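Accompanying notes for the structure given below.
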Amino acid sequence: MGIRIGIVGFGEFSGSFMDHFQTHPDVDEVVGAEVLPERREEFRRKYGLEKIYDSYEQMLECEDKLDAVGIFTQRHQHGPMVITALKRGLHVFSAVPLSCEVDEAFKIIELVKKTRKIYMAGETCYYFPCAIWCREKYKTGAFGKFVYGESQYYHDITEMFGSFASGGSEWKKVAGIPPMYYSTHSMSMLFLSIGEYPVEVTCMGFEDDIGDGIYGKGNNLWDNPFSNETAIFKMSGGGVARINEFRRCGTNKPSSYITSLIGTHASYMCNGMHHTFTVGNVFGQKPRVEYISNEINSHIYTENKDKLDLNVDPIMYKCHRGFSKVHDISRLPVSFRDIPDGGHNGSHPFLVDDFVRACVTGKLPPNNVWDAATCMIPGVIAHDSAMQGGKTLPVPFVGKAPADWDRIDYSDRIYE
Ligand SMILES: NC(=O)c1ccc[n+]([C@@H]2O[C@H](COP(=O)([O-])OP(=O)(O)OC[C@H]3O[C@@H](n4cnc5c(N)ncnc54)[C@H](O)[C@@H]3O)[C@@H](O)[C@H]2O)c1
Numbered sequence: 005m006g007i008r009i010g011i012v013g014f015g016e017f018s019g020s021f022m023d024h025f026q027t028h029p030d031v032d033e034v035v036g037a038e039v040l041p042e043r044r045e046e047f048r049r050k051y052g053l054e055k056i057y058d059s060y061e062q063m064l065e066c067e068d069k070l071d072a073v074g075i076f077t078q079r080h081q082h083g084p085m086v087i088t089a090l091k092r093g094l095h096v097f098s099a100v101p102l103s104c105e106v107d108e109a110f111k112i113i114e115l116v117k118k119t120r121k122i123y124m125a126g127e128t129c130y131y132f133p134c135a136i137w138c139r140e141k142y143k144t145g146a147f148g149k150f151v152y153g154e155s156q157y158y159h160d161i162t163e164m165f166g167s168f169a170s171g172g173s174e175w176k177k178v179a180g181i182p183p184m185y186y187s188t189h190s191m192s193m194l195f196l197s198i199g200e201y202p203v204e205v206t207c208m209g210f211e212d213d214i215g216d217g218i219y220g221k222g223n224n225l226w227d228n229p230f231s232n233e234t235a236i237f238k239m240s241g242g243g244v245a246r247i248n249e250f251r252r253c254g255t256n257k258p259s260s261y262i263t264s265l266i267g268t269h270a271s272y273m274c275n276g277m278h279h280t281f282t283v284g285n286v287f288g289q290k291p292r293v294e295y296i297s298n299e300i301n302s303h304i305y306t307e308n309k310d311k312l313d314l315n316v317d318p319i320m321y322k323c324h325r326g327f328s329k330v331h332d333i334s335r336l337p338v339s340f341r342d343i344p345d346g347g348h349n350g351s352h353p354f355l356v357d358d359f360v361r362a363c364v365t366g367k368l369p370p371n372n373v374w375d376a377a378t379c380m381i382p383g384v385i386a387h388d389s390a391m392q393g394g395k396t397l398p399v400p401f402v403g404k405a406p407a408d409w410d411r412i413d414y415s416d417r418i419y420e
């Protein structure tokens, strides 16, 4: 028996997941909900959805045979919607972040513990090639102990306008969300690679004076003055992590990446499309550098880089399209092979497959509620620190998943 899932919010992001949900062998039916009529019409036409409701609330009211919901609404709306779904006994897949409030995040953790329903964050960056490479390598012990790391998410607010357009004339009130409230991309790549969590933070903000009404007191729901924030975290193992969340910055792709992960034995470094793993001159090791760009950069980039005119071709754009060598595509359903890439380093098929596997087996997926909270709560505290001029603040520990909750195991469900 497969699952029935209700997708909420018909923006660009959910659109790039529809084919995966609709063709996954363990999904029986996809229904949906959207408040904007033109988006309902677009999804009916594009994806042939037969059941579309006028709102999330209406969908929950009318559907008594749903197993799961997929929440793709705006970032500050997720928390309350997740709570409603869990209380109804539904599994939840949600676009990041988990929530924008610390108390709400803890409430969601408690609900997951109580109901044993699956919560999984749609954290694309967990499946980014640099994150996979660092996570797998870190597990082997090759890095030694974590000393220092840097990761970031750089995305200029003007380019993100599309994501906020659904807010209509009020879009700026939401667009001005504190950058650290959306720090989960950066944190998941680094924190989940080393398996540590932050214990304290100091953060500073870049006060935005562009004057376009997005940032500043009274302009947004949070009275947030900062378009860019930089946080330094003391990690549970004693090392230090630097996270940048920039929304007013002259950058392009890559936008979410690890710049460095330095351990006592070895380090990973990235500069644009150039990736290295350096074994240090310590503990009697023979120092060496491994050039690992071809394992991390996407196939489309690696295969075309020498043919392209860098001044003309959108090469940096292509770098985040499609799979890389580190992706184990053999575990994915065959039906996913022909689906065009959704634009986040080949991550969407892995997200959908992990979530559906978790729902049908009852096992804990990656990006579960504990992972999601570890990559969200520190950001909210970091913004508090920035608002207090960089005061060092403690970060609460989110706890660990119950030891008796098995993690999904790819060998126990093989899709032809
Ligand atoms: N890499 C990533 O992880 C990534 C990338 C892009 C977007 N996102 C996240 O995905 C989410 C969606 O992004 P988007 O750009 O598609 O946003 P969007 O604002 O274009 O779409 C959200 C949709 O939700 C609908 N909605 C809101 N409340 C509703 C309700 N009660 N019932 C039904 N529909 C409702 C809105 O009308 C809107 O169409 C955001 O949270 C965004 O932050 C994540």
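Using the working numbering, you'd call the opening residue of the sequence shown number 5 and step up by one each time.
Quick reminder that beta carbons are idealized off the backbone N, C-alpha and C, glycines included.
Keep in mind it's a predicted model, so treat the numbers as computed, not measured.
DSSP three-state assignment for His278, whether helix, strand or coil: strand
At what residues does the alpha helix (DSSP H) containing Met191 begin and finish? Thr188 to Ile198
Glu422 CB to nearest heavy atom of ligand 1 below 6 Å: This structure cannot speak to residue 422, because the chain is shown only from 5 to 420.
Quick check: what's the CA-CA separation for His324 versus His279? 15 Å
Closest residue to Gly145 among Gly267, Val39, His348 and Glu108 (Cα-Cα distance): Gly267
By alpha-carbon positions, which one of Leu225, Pro182, Gly126 and Ile300 ends up nearest to Ala390? Pro182
How far does the beta strand (DSSP E) with Lys238 in it reach, from first residue to last? Phe230 to Met239
Flag Ser302 as yes when its Cβ comes closer than 6 Å to any non-hydrogen atom of ligand 1, and as no otherwise. no
DSSP state of Met380 mapped onto helix, strand, coil: coil
With a 10 Å radius around its C-beta and 16 neighbouring C-beta atoms as the bar for buried, classify Gln156 as buried or exposed. buried
Could you give the uninterrupted runs of the alpha helix (DSSP H) lying entirely in the stretch 300-367, keeping only those of 4 residues or more? 303-308, 319-322 and 352-365
Do the stretch 353-363 and the stretch 126-135 meet, that is, are 3 or more Cβ pairs less than 8 Å apart? yes
Taking Thr396 as the reference, which of Pro382, Trp175 and Pro258 has the closest Cα? Pro382
By alpha-carbon positions, which one of Val178, Gly215 and Cys207 ends up nearest to Trp226? Val178
Starting from Arg292, follow the beta strand (DSSP E) in both directions and report where the run begins and ends. Arg292 to Tyr295
Local Cβ density within 10 Å of Phe359, reported as buried at 16 or more and exposed below that: buried
Going by alpha carbons, who is nearest to Asp212 out of Thr206, Gly220 and Val205? Gly220
In this structure, does DSSP put Tyr272 in helix, strand or coil? strand
Name the residue from Tyr272, His303 and Arg79 whose alpha carbon lies nearest to the alpha carbon of Thr188. Arg79
Top-ranked residue by Cα proximity to Leu368, from Pro229, Asn349, Arg252 and Val96: Val96
Closer than 6 Å: is that where the CB of Ala99 sits relative to any heavy atom of ligand 1? yes
Which residue or residues does DSSP assign as beta-bridge partners of Ile206? Per the sequence shown, the amino acid found at residue 206 is Thr instead of Ile. Partner(s): Ile236.
For the beta strand (DSSP E) containing Asp32, list its first residue and its last residue. Val31 to Ala37
Taking the beta carbon of Met5 as the centre, do at least 16 other beta carbons fall within 10 Å, making it buried, or is it exposed? exposed
Confirm, please, whether the CB-CB distance from Ala377 to Val399 is below 7 Å. no
For a quick check, are the C-beta atoms of Ile236 and Thr206 less than 7 Å apart? yes
Would a C-beta distance cut-off of 7 Å place Ile11 and Gly74 closer than the cut-off? yes
Helix, strand or coil at Phe150 according to DSSP, with G and I counted as helix: strand
State yes or no: is the C-beta of Ala37 nearer than 6 Å to some heavy atom of ligand 1? yes
Just verifying my parser: in three-state terms, what is the DSSP assignment at Met124? strand
beta-carbon Tyr414 near ligand 1 non-hydrogen atom, thresh 6 Å: no
Whose CA, out of Lys238, Ala89 and Val106, lies closest to the CA of Ser98? Ala89
Can you tell me whether Ser351 is buried or exposed, with buried defined as 16 or more other CB within 10 angstroms of its CB? buried
By how many angstroms is the C-alpha of Tyr272 removed from the C-alpha of Pro202? 20 Å
Taking the alpha-carbon positions, what's the Tyr123 to Met380 distance? 14 Å
How far does the alpha helix (DSSP H) with Leu90 in it extend, from its first residue to its last? His82 to Lys91
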